[in-house]
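Shown next, in structure tokens, is the structure this report addresses.
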Amino acid sequence: MLSTLNAQAPPFYPVFNWGDNTATYDEIADPCFISDDDLFDSERFPLTEDDARELDEMDAVNEILAELDVMETHQELYHRLQEKVRELREHPESGMEVHGISQRQMFMNTAHLKKPKKHIHYSPKPFYSMKQPQSKQR
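Reminder that position 83 of the sequence shown reads as 155 in this note's numbering, one-by-one numbering, no gaps.
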């Protein structure tokens, strides 16, 4: 997922009070402030093995948390579905309305007999066996 945040945007500094006496950043700034560019500069502040290992561990933890979040969402959807199924089993007529006609009524009103397929030899007339001429034996 791409972030829509602008990394080059000027920083936002909250104001302590509203009105005439507003504090400026210079008044509340930390004297040992390190800019982001300097803080993440690998030449000035090299990344130690412990830091790299900690970052890798944090990435692994973040992946696990993301998977857990997805699993919780699936579990929540599963519970909602189970609740809906239980509700429909308790009250079969409610929630089954489609265009003002219940599914059960629609099912009972329609014929569920399969119609014969029309093919080359299909005839609407009933089948009568043909009488074969019998040979007379002398």
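Ideal Cβ positions, reconstructed from N, Cα and C, are used throughout, including at glycine.
For clarity, every value in this text was computed on a predicted model and none was experimentally measured.
For residue i, collect the residues of the same chain with a Cβ closer than 8 Å to its Cβ; drop the 5 residues on either side in sequence, then sort them by chain order.
i: Pro82; result: none
Using C-beta distances below 7 Å, list every residue in its chain close to residue i, excluding the 5 sequence neighbours before and after it, in chain order.
i: Arg116; result: Asp110
i: Asp108; result: none
i: Tyr150; result: none
What is the residue span of the alpha helix (DSSP H) that residue i lies within?
i: His151; result: Glu121 to Glu162
i: Leu77; result: No alpha helix (DSSP H) contains Leu77, which DSSP labels as neither H nor E.
i: Asp110; result: Asp108 to Leu111
Can you find the residues in the same chain that come closer than 6 Å, C-beta to C-beta, to residue i, ignoring five residues on each side of it along the sequence?
i: Glu158; result: Per the sequence presented here, residue 158 reads as Arg, with Glu not at that position. Closer than 6 Å at Cβ, skipping near neighbours: no residue.
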